[in-house]
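Engineer: Okay, here's the structure, questions in a sec.
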Amino acid sequence: MEYFLNQLINGLCQGAIYALMAIGYSVVVGVVGMVTFTHGEVMIMGAFASYYVFQYCGTNLILGFIVAFLASWVMGIFVYKVCYERFFNSPRHISLLCTIGFSMLVKNLAQIFFGPNQIPMLNIVDIKFFHIGAMQISSLQIMIIALVVGLALALNYVFYHTKFGVMLRSVSQDKTAAYMVGINVKRIAMLGNCVGCGLGGIAGLLICIYYQVVQATMGGALGMKAFSASVLGGLTDVRFSALGGLCIGIVENLGITVTSASYRDVFAFGFLILVLVFKPTGFVKKRGTKV
Amino acid sequence: MKKLSMLLIVLLVFSMALFANGNKEEEAAKAEGFKGIIKIGVLGPLTGTNAEYGVGFKIGTQMAADRINAAGGANGYKLVLIPKDSKGDPKESSDLTRQFCDDSDIMAIIGDFTSGCCMANAPIVDDAKIVQLSPTASNPKYAGMSDYCFSIMGRQDGEAPFFAKYIISKYMGLKKIAMIYINSDWGVSAAENFRTAARDAGVEIVAEVNYVQDEKDFSSLITKLKAADPEALIIMDQGAVAQVINQVRAMGWDIPLTTLGPGTSEQLIGLTGANSEGLILSTPFFFDPQVPELMDWKNEFNEKAKFNPTVHPACAFDCVYLISEAIKSCGDDVTREGIRENLARNQYTGITGPIKFNAEGDITRAYLICQVENGQYVVKKGFDYSAE
Amino acid sequence: MNMLADTKKRAEMVFDKHKVLISLLLLAFLVLLPLISNKSYVMGVMCRILMYATLAGALNIINGYSGQTCLGVAGFFCFGAYTEAILATKVGLNFWLCIPLAGVITALVGLLVAWPTLKMSGIYLAIVTLGFSEIARLLALNATPLTGGALGIKNIPVPEFFGIVIKNSRSYYYLFLVLAIVFIFVSNRVIKSKIGRAWMSIREDELASKSLGVNASVYKAFNFMYGAFWIGVVGCVYAPYVRFIDSTYFTLDEGWNILSMVILGGQGTFIGPVIGSIIVNFLTEVLRPIGQWRLVAFALLIIIMMWYRPQGLAGATDSKLAGNKMVKKLQDRGKKHD
């Protein structure tokens, strides 16, 4: 029984990581209205930035978060200028292919400049363990789960109870209409994109601390998981994307327990495809935007 | 359509340009006093996941070539190495092998790093009748694929049984062990051999899990292994060993750890810090601080590569010498076939130890037991079972 | 851009005038090429170009002609190659019989992938194909009794054609050449038929074509199956060419590689993927010395292409692929009348 619960906790923590990535992702896609494949690279850039700051300024976690957020914010500006701004009125597949090209660009440049090897990220956070019977959870895992819940609630508040959030939602629903009521669509879209990317940067940093390694090639796989989790949330809803992430994490881990880790992605994608077949809009009841 | 024909012409011109370059090197070598040049192709993953080892190949082989050439060359011929990046991708490796085979100046190929790439190249070198000498391929099925396939790493069905019998059973005296391995051709082969040998040695594998390349989260796997209550854990991989070690300790599990695969990798200690204290592993070769020429070699490598060598570049180094010896045995008539015959026949002792190929084209190695003490690798003397 | 359009127009005019002559000349050149240059390296590159031209062409049928976005080519390729390898090594089936079998099996897999997503918008299909590609690869990695697992399948037997053993690059060059020609020929007939027109109308505006009575779901599914069929056939020929396959041959990177050929060369035309294959493979060889910067160069090319010519170098300029939306074109036409 405890074994099962331990695995459940593992799944929950893995799912919390996916949820963290998915939150940033759904903010980006929700506001900009275009699917992106670059989120993985954006996250890893944030982690790399913090890594180098840690090398020179010591390992201060708060500093790391700020640096990761800013670095990914800046990257978000680049992504926006290159992949989105020009294609607001074009067929969707063009910006999609452009983001694929951009992610290839960043991935290979990162490998050239940072090297393709794993770079250790040790001892950033002092890990304490808490035991409840035979179950165990670490302070890092608690931090991640708390951050996910906190961010989901905070973003929910911003989106539904502030003027800025209203602007974001209107841009995501119908850009022409938002333009007509006087909203600076381009600026709001860029802001929303950068906020999502910044959140992605924080997620990337936490992930690297959790796995204790940062590597230039990590982006692709992480981006795919963020993408899948977000799809379960209809691509735009933050709360359900987080929920999607948690579900994928749990399903994956339970699947691995029964078979082996080689099947991890089979469970993740299999689950995604199953949900899509039976409920194409994911967990949400109706979609807010046309993607 | 017109573009197609234009392109083809450009391609032909380009490939001819490649060929033209070779003559310049020949003349330069003759000016230096050599009889001529002999080219050896070097294949390795200079980029990608195993880049550390590919770069190690490049530097290790160049060190050997430099020494041989400084001493007058192989029978008066200057050795010129042509390194190419196979990225660890069998397709890329095969394409480059085909390029090498086509270039009649190239007399032998050293590489590739993974058994998968080497096995993909086997039919090509067999057709072209050129030697493929891999410093590190350890899949027992590789060397038998062709008369022209050789490897000096030592077979998986030598190291894994050694590990099971001598390290786990005799040295550590354990009965129950858990296994975690990478689901790749190397890992599956190592696991298979270990399983058989463990059964023979009376060691029970209470739990085993595997994972694919690029896996980052081992927590559920570790939980599964922990639940089976083993006495020790064996990790079979090269790239992710550090990760596994770190995550095992991060989960608060202080079980004795052993690993098969990375050898005495300095990078491993760097990536794990204090977590790898007490780690036990097997290695066919060790840079013994007591032996000055090994230390000199290690320092020279470190200067050139900016990282410390493992056994892999040392094997690459020995490979060049092996080819050089084969060239010497050929006398004046150096052909690809001649190199192959003499390579199979010769006996040589390199920095990694004695090398004599068996009928299939690989060798059986003797292994040492090493342990990490105070952040350094220490050979356990007096446990040299290699004689058995 | 005007220069490109002019060159293209001029090339098309010349081509139209002397269509038969040029085609025959080109065919003769391709057939006699191995006699001009017997270097196995050149033959190897030509084999790659031809093989990828067919793969890109098949992907183009899906992405370019029906407007669906398939990102998981590698998965179909994996199915085709493994089918041949398994049938040839375990059952001892003749290579020539494997070809249609591999094609049909891959087509059925294509149907399985496409069917759940027919009613969803394009992006969901893209995700599902991506997921499918990874699932295919992981199944190949793990289904050890069938696929050899991590060890792959080796010693795939070479095919024979009336006594001639097809073993070296030169023989495979002819095989790939014939395959490419058959593919282009057959697909040309299909595109010019009612089926092709239905596909193109779905691409331009699915809702409008449905309102005209086109059963979009059926045509989209068939389109997917058709593309998958040819990818499977190429996979079938690929397996004995490399003699050894394992799951690492069919990663997502391979899929991006083929996709980039379609993007760069052109979507929605026949010559597009061929040009894409030539460009990408040629650049791969020429840019080898610069190592990883080569991939950076490709990525930049893709971005530039999307910015200035989304339909690719030789793509269908008068379609949605070029970034025009039907509405805008109708508006323009309306303006002209004023």
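Residue numbers (my numbering), protein chains in the order written: chain A, 72 to 362; chain B, 10 to 397; chain C, 683 to 1020. Each residue gets a CB set at the ideal place from its N, CA and C atoms; glycine is no exception. Quick caveat, the model's predicted, so the values are computed rather than measured.
Does the segment 854-866 of chain C come close enough to the segment 720-732 of chain C that 3 or more CB-CB pairs lie under 8 Å?
Structural biologist: Enough Cβ pairs lie closer than 8 Å, so yes.
Engineer: Looking at B:ILE139 and B:ARG107, is the spacing between their C-beta atoms short of 8 Å?
Structural biologist: No, the pair does not count as a contact, with Cβ atoms beyond the cut-off.
Engineer: Cutting at 7 Å between CB atoms, please list the residues of its own chain near B:GLN165, excluding the five before and the five after it.
Structural biologist: Hits under 7 Å: SER147, ASN148, PRO149, SER198, ALA199 and ASN202.
Engineer: On the DSSP letters alone, give me the boundaries of the beta strand (DSSP E) that C:VAL724 sits inside.
Structural biologist: It is not in any beta strand (DSSP E) - C:VAL724 instead sits in the alpha helix (DSSP H) that spans 722-742.
Engineer: Helix, strand or coil for C:MET943? Go by DSSP, reduced to three states.
Structural biologist: Helix at C:MET943.
Engineer: What does C:THR930 reach in chain B if we use C-beta pairs closer than 8 Å?
Structural biologist: Within chain B, the residues near C:THR930 are ASP98, PRO99 and GLY125.
Engineer: Roughly how many angstroms separate the alpha carbons of B:ASN317 and B:VAL388, rounded to a whole number?
Structural biologist: Roughly 17 Å between the two C-alpha positions.
Engineer: Starting from C:ALA825 and walking both ways along the beta strand (DSSP E), at which residues does that stretch end?
Structural biologist: No beta strand (DSSP E) holds C:ALA825; DSSP gives it neither H nor E.
Engineer: To the nearest whole angstrom, what separates the beta carbons of A:MET175 and C:ALA981, a pair I think is in contact under 8 Å?
Structural biologist: Between C:ALA981 and A:MET175 the Cβ distance is about 4 Å, and since that is below 8 Å, they are a contact.
Engineer: What are the boundary residues of the beta strand (DSSP E) that B:GLN385 is part of?
Structural biologist: Unbroken beta strand (DSSP E) run through B:GLN385: 385-388.
Engineer: Cβ of B:THR292 within 8 Å of Cβ of B:ASP327?
Structural biologist: Cβ atoms of B:THR292 and B:ASP327: not closer than 8 Å.
Engineer: Assuming A:SER312 contacts A:TYR74 (C-beta within less than 8 Å), just tell me the rounded distance between them.
Structural biologist: The pair is not a contact, with the Cβ atoms about 30 Å apart (cut-off 8 Å).
Engineer: Report the rounded CA-to-CA distance for A:LEU168 versus B:VAL215, giving the unit in angstroms.
Structural biologist: Straight-line Cα distance between these residues: approximately 48 Å.
Engineer: In angstroms, rounded to a whole number, what distance separates the CA positions of A:GLN78 and C:TRP975?
Structural biologist: Looking at the two C-alpha atoms, the distance is approximately 43 Å.
Engineer: Check the Cβ of B:THR205 against every Cβ in chain A and list those closer than 7 Å, keeping chain order.
Structural biologist: Within 7 Å Cβ-Cβ: nothing; B:THR205 doesn't reach chain A, min ~20 Å.
Engineer: Can a CB atom of chain C be found closer than 8 Å to the CB of A:ASP336?
Structural biologist: Chain C, which has a Cβ nearer than 8 Å to the Cβ of A:ASP336, makes this yes.
Engineer: Report yes if the CB atom of A:GLY101 is closer than 8 Å to the CB atom of A:SER299, and no otherwise.
Structural biologist: Their beta carbons are not under 8 Å apart, which means A:GLY101 does not touch A:SER299 by this criterion.
Engineer: Could you tell me the distance, in whole angstroms, from the CA atom of C:MET988 to the CA atom of A:ALA93?
Structural biologist: Near 27 Å, if we compare the C-alpha coordinates of A:ALA93 and C:MET988.
Engineer: For a test of the three-state rule: what should DSSP assign to A:GLN78, helix, strand or coil?
Structural biologist: It is helical.
Engineer: Please report how far the alpha carbon of C:ILE984 lies from the alpha carbon of A:PHE354, in whole angstroms.
Structural biologist: Cα to Cα, C:ILE984 sits roughly 34 Å from A:PHE354.
Engineer: Express the C-alpha separation of B:GLY282 and A:PHE136 in angstroms, rounding to a whole number.
Structural biologist: Looking at the two C-alpha atoms, the distance is approximately 24 Å.
Engineer: Any chance you could list the beta strand (DSSP E) runs of at least 3 consecutive residues sitting entirely within the segment 172-203 of chain B, in chain order?
Structural biologist: Counting only runs of 3 or more, we get 185-191.
Engineer: By how many angstroms is the C-alpha of C:SER899 removed from the C-alpha of A:PRO351?
Structural biologist: Their backbone Cα atoms lie some 16 Å apart in a straight line.
Engineer: When you compare only the Cα positions, how much space is there between A:GLY117 and A:LEU293?
Structural biologist: The alpha-carbon atoms of A:GLY117 and A:LEU293 are separated by roughly 13 Å.
Engineer: Using the three-state DSSP reduction, which class does B:CYS158 fall into: helix, strand or coil?
Structural biologist: Strand.
Engineer: Does the distance from the CB of B:LEU90 to the CB of B:ALA74 come in under 8 Å?
Structural biologist: A contact, by the Cβ cut-off of 8 Å.
Engineer: What residue ranges within the segment 219-279 of chain A form continuous alpha helix (DSSP H) runs of no fewer than 4 residues, ordered along the chain?
Structural biologist: 234-244 and 246-251, all fully within the segment 219-279 of chain A.
Engineer: With B:SER103 as the anchor, note down where its alpha helix (DSSP H) starts and where it stops.
Structural biologist: It spans 99-111 - the alpha helix (DSSP H) in which B:SER103 sits, taken as one unbroken run.
Engineer: Taking contact to mean at least 3 C-beta pairs separated by less than 8 Å, is the segment 138-150 of chain A in contact with the segment 939-958 of chain C?
Structural biologist: Cβ pair count under 8 Å is below three, so no.
Engineer: Go to A:THR328, then tell me how far its alpha helix (DSSP H) extends in each direction, as first and last residue.
Structural biologist: Counting along the chain, the alpha helix (DSSP H) containing A:THR328 begins and ends at 309-329.
Engineer: Is it right to say B:ASP297 is buried, meaning 16 or more other beta carbons lie within 10 angstroms of its own, or is it exposed?
Structural biologist: Result: exposed.
Engineer: Which residue's Cα is closest to the Cα of A:LEU343: A:VAL329, A:SER333, A:GLY305 and A:THR330?
Structural biologist: Taking only the C-alpha atoms, the option nearest A:LEU343 is A:GLY305.
Engineer: What does the Cβ neighbour count give for A:GLN182, buried or exposed, with the cut at 16 atoms within 10 Å?
Structural biologist: Flag for A:GLN182 reads buried.
Engineer: For B:LYS12 and C:MET685, what's the separation of their Cα atoms in angstroms?
Structural biologist: Residue confidence for B:LYS12 is low, a pLDDT of 46 falling below 50, so the modelled location carries little weight; the figure read from the coordinates is stated next. Whole-angstrom Cα-Cα distance: 16 Å.
Engineer: In three-state DSSP terms, what is A:MET92?
Structural biologist: Correct three-state label for A:MET92: helix.
Engineer: Is the segment 690-704 of chain C close to the segment 819-832 of chain C, with three or more CB pairs under 8 Å?
Structural biologist: Touching, no, given that fewer than three Cβ pairs across the two stretches are closer than 8 Å.
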